[in-house]
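K.L.:
I have a structure I would like to understand better, so I am pasting it below and will then ask my questions one at a time.
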Amino acid sequence: MWAQPARRAQPCAAPSIQAPAGPQGTQTPPDDRRGGQAEGIGLGLKVVALPHFNDAQAAHPAVARHVEFLREAGVTVLLGDGRFTPHKPGQGNVDTFPWQAGLNALYTEG
């Protein structure tokens, strides 16, 4: 999930959400100055979520409710409609994950 403080993309840590890999495949370290996606929503910042899960996980009833809740809170959730589509269990490929789609959505007006 990304928030856009000061026109700079900031991966936000959240349970079950993977930040994009940094140099040599390291994860972006936590940064107390970011505040996270909850604060970004409260501050009215543009927040984009690009989920990664399989279709068995997507079938859980809580997923649709939580995606709708985030969308109602103003978060752009890139799921469905030609965006991220859940993969079959055990067949996810992080190398083909559309990180750029999240960044594009973050820097698109609207």
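Under our numbering, the first residue of the sequence shown carries the number 1181, and numbering increases by one thereafter. The beta-carbon is built from N, C-alpha and C at its ideal position, and this holds for glycine as well.
May I ask which residues mark the beginning and end of the beta strand (DSSP E) holding Val1227?
P.N.:
1227 to 1229
K.L.:
Are the Cβ atoms of Pro1278 and Leu1250 separated by less than 9 Å?
P.N.:
no
K.L.:
Which residue marks the beginning of the alpha helix (DSSP H) containing Pro1241, and which one marks its end?
P.N.:
1241 to 1252
K.L.:
What are the boundary residues of the alpha helix (DSSP H) that Asp1235 is part of?
P.N.:
1235 to 1238
K.L.:
Are Pro1241 and Phe1264 closer than 9 Å when you measure CB to CB?
P.N.:
no
K.L.:
Please name the residue or residues paired with Leu1286 in a DSSP beta bridge.
P.N.:
According to DSSP, which records beta bridges pairwise, Leu1286 is partnered with nothing at all.
K.L.:
Going by beta-carbon coordinates alone, are Ala1229 and Thr1256 separated by less than 9 Å?
P.N.:
yes
K.L.:
By the 10 Å Cβ neighbour count, where 16 or more other Cβ atoms means buried, how is Gly1270 classified, buried or exposed?
P.N.:
exposed
K.L.:
Gly1254 and Gly1282 - do their beta-carbons sit closer together than 9 Å?
P.N.:
no
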